[in-house]
Structures are given as structure tokens and as C-alpha cells.
Amino acid sequence: MAAFDLILFDVDGTLVDSQRTIIACMEAAFIRYDLPIPSAAAIRHTVGLALVDGVAQLLAAMPEGERVDPYAVAEAYKETYLARRTATPAPAPDPLYPGTRALLDRLLAEDRLMGVATGKSSRGVRVFVETHGLHRHFVTQQTVDTAPGKPDPTMIRQAAAEAGTVPARVLMIGDTVYDMQMARAAGAAALGVDWGYHAPPSLTAEGARAILKTWDDLAPYLT
């Protein structure tokens, strides 16, 4: 019997390198409200959280942030994201990390059940799936529109139920401490990746069984 019934992936920083888009949209949102622009490192550290939670974290780090509603800044981010996506010519899509497409195709061919659990909205996941032609790959898509944001364990619990299993039979793969904390809270296993937005030692400290350096490192954990 396989070690896990469901392989659950984070999206940003794990499957797709979206930092260029995330940073540009966040910078634009802060500029709109005449706020200091957060550093790229600070923005990357919020990736994985629900958008409004990430904005609130950035605002809390600056005195000027007290006067601004994080929901308003989050809406400005969404408007900028949509404008970029519908611009002519459209910007190049955020790329999958090396080896990601081959891995997902291989797991699909092996009849592995896969899903995503992400701080993205449902619309953001739909764009991700359509852009990369992944319509057949994920049996469950957990977003902040259908569950509380990470590190709340609800996404994993819902994903397990949709896949007909229990959290203890789920493997969560992500690049942030929020992914590891969510897995631990749900009673699921977790692996980290070293190409994302949080440092690997922080992932290990939060419960990652191991840190993948490439997707080839995943195979031993699936047997």
C-alpha cells in the first residue's frame, strides 16, 4: 500500500515561481495608499498566507500602516493583478519550477490522487490551472475562498474528505512555515522544498520530514 492516499501541494513558491507578479502587485497596492514599499524579502515572507493576512502583516511592520485598512490594500492588489492579467500584450505567465510539469504528469499517470492547498483565491487557482493545462491533475482545490487561511488545518481536512481519506494519509508539500504548521495541526505529514520563499531550516523546525532539493527527491516518500 502506498504511504499516502493524497499528495497535497502548495502553489506559489512550490509549483510555480510567482514572486515577480506577487511583488509587483503588492508594491502597486502600497503605492496607491502612499505607503512605504515593503522589501521584496518581506513580501515573500507573507506568501502562503491569505492575501489580507499577508497585507496585515506587512502593515503591522510600519507606523503608517495603522491608518490603512488591510482589506482596502488587498483589494488594490487584486485590481492590479487583474489589470496585469488582462493587459495587452499580456505579461509572460509565471513559470512552473523546473521538473514540476514532468512530476505532475508522472503522478497522474500513476493514478496518484493530487490536490492543491493555497493562499490563492479560487480565481487565482483557476488561472494557474488554465495557464499550465492542469485541468486533470487535481482532485481537490483548497483556497481561501473555501476555508480559513493557513496555518489553520481546515484545508487539509477538507481535502482529505474530498479524496475519501483522512489527514493522517495526506502528504503536504510546501515552501513556507505556514504549510508545515497547517500539516502539523491537521495531523498530516509534510515535506519542504528548498526553492521557495522560506528558508529550509525554518521548515524543518516547523515539522518538515525532509527538504526536497529537486522533485527527484520525492520518490522515496511515496512508496
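Residue numbering for the sequence shown follows the numbering used here, starting at 799 and increasing by one per position.
Here a beta-carbon is modelled for each residue, glycine too, at the ideal position from N, C-alpha and C.
All figures in this text were calculated on a predicted structure; none of them were measured in a lab.
In angstroms with no decimal places, state the Cα-to-Cα distance between residue i and residue j.
{"i": "T974", "j": "P887", "result": "32 Å"}
{"i": "G811", "j": "W993", "result": "7 Å"}
{"i": "R1007", "j": "Q855", "result": "28 Å"}
{"i": "T963", "j": "M953", "result": "13 Å"}
{"i": "M970", "j": "A1017", "result": "14 Å"}
{"i": "H933", "j": "V845", "result": "24 Å"}
{"i": "R910", "j": "A859", "result": "42 Å"}
{"i": "T938", "j": "A839", "result": "30 Å"}
{"i": "F926", "j": "L813", "result": "10 Å"}
{"i": "A984", "j": "Q956", "result": "10 Å"}
{"i": "G863", "j": "R830", "result": "13 Å"}
I'd like to confirm the pairing. Which residues does DSSP put opposite residue i in its beta bridges?
{"i": "M953", "result": "None; M953 has no bridge partner."}
{"i": "M860", "result": "Looking at the DSSP assignment, M860 forms no beta bridge with any residue, so it has no partner."}
{"i": "F807", "result": "V914, I971"}
{"i": "L1010", "result": "V991"}
Answer yes or no: do residue i and residue j have a C-beta to C-beta separation smaller than 8 Å?
{"i": "P868", "j": "V853", "result": "yes"}
{"i": "L806", "j": "V991", "result": "no"}
{"i": "A848", "j": "G931", "result": "no"}
{"i": "D892", "j": "R818", "result": "yes"}
{"i": "L1010", "j": "M978", "result": "no"}
{"i": "G972", "j": "D851", "result": "no"}
{"i": "A800", "j": "L1020", "result": "yes"}
Mark residue i as exposed unless 16 or more other C-beta atoms lie within 10 angstroms of its C-beta, in which case mark it buried.
{"i": "S837", "result": "exposed"}
{"i": "L989", "result": "buried"}
{"i": "P861", "result": "exposed"}
{"i": "A872", "result": "buried"}
{"i": "D943", "result": "exposed"}
{"i": "G917", "result": "buried"}
{"i": "D1014", "result": "exposed"}
Report yes or no: is there a C-beta of chain C within less than 8 Å of the C-beta of residue i?
{"i": "F802", "result": "This model lacks chain C altogether; it includes just one protein chain."}
### Message
Restricting to runs no shorter than 3 residues, where is the beta strand (DSSP E) found entirely within the region 862-938?
### Response
The region 862-938 contains these whole beta strand (DSSP E) runs: 911-915.
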